[in-house]
Amino acid sequence: MERINQLLQMHQEDPEDLFVIYALAKEMEYTGNKIAALEYYKNIRNKNEDYIGLYYHLGKLLESLDQQEEALEVYDEGIAIAEKIKDKHALQELVNARTNLTMEM
Numbered sequence: 007m008e009r010i011n012q013l014l015q016m017h018q019e020d021p022e023d024l025f026v027i028y029a030l031a032k033e034m035e036y037t038g039n040k041i042a043a044l045e046y047y048k049n050i051r052n053k054n055e056d057y058i059g060l061y062y063h064l065g066k067l068l069e070s071l072d073q074q075e076e077a078l079e080v081y082d083e084g085i086a087i088a089e090k091i092k093d094k095h096a097l098q099e100l101v102n103a104r105t106n107l108t109m110e111m
């Protein structure tokens, strides 16, 4: 809980710091607060859609919330952005995540 409090303080000091918001999302996820994590991920996407690291984690979180169709949309959005910014590693992760999800559906 101390870690979350530290991150919340950092976020309060600089609400535009995407890394802090991302760290908050991951901590919320880790502690089981998936709804708060979802809101932090969406906050990042609203502030900077090119923040490529969020798409895989947001998609996986949506999958865990049984929101497979929305997860597919997030993966597709992330794939398009990874292609745009030429991030081959993120592109491969997102394509794999999308493929695995479609095979499970």
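Its first residue numbered 7, the sequence shown is counted upward by one per residue in my numbering.
Built from N, CA and C at the ideal position, the CB exists for glycine as well.
- Under the three-state reduction of DSSP, D20 is assigned to coil, being neither helix nor strand.
- Within the model, the alpha-carbon separation for S70 versus E19 is close to 31 Å.
- In the three-state DSSP reduction, Y57 falls in the coil class, being neither helix nor strand.
- Of N52, T37 and I58, the smallest CA-CA separation from A86 is found for I58.
- Going by DSSP, M111 is part of no alpha helix (DSSP H) at all; its letter is neither H nor E.
- Judged by beta-carbon spacing, L100 lies within the 7 Å limit of A88, meaning their Cβ atoms are closer than that value.
- Annotated as proximal: A31 and Y47, with beta-carbon spacing under 7 Å.
- In this structure, E35 lies near A43, with their beta-carbon atoms less than 7 Å apart.
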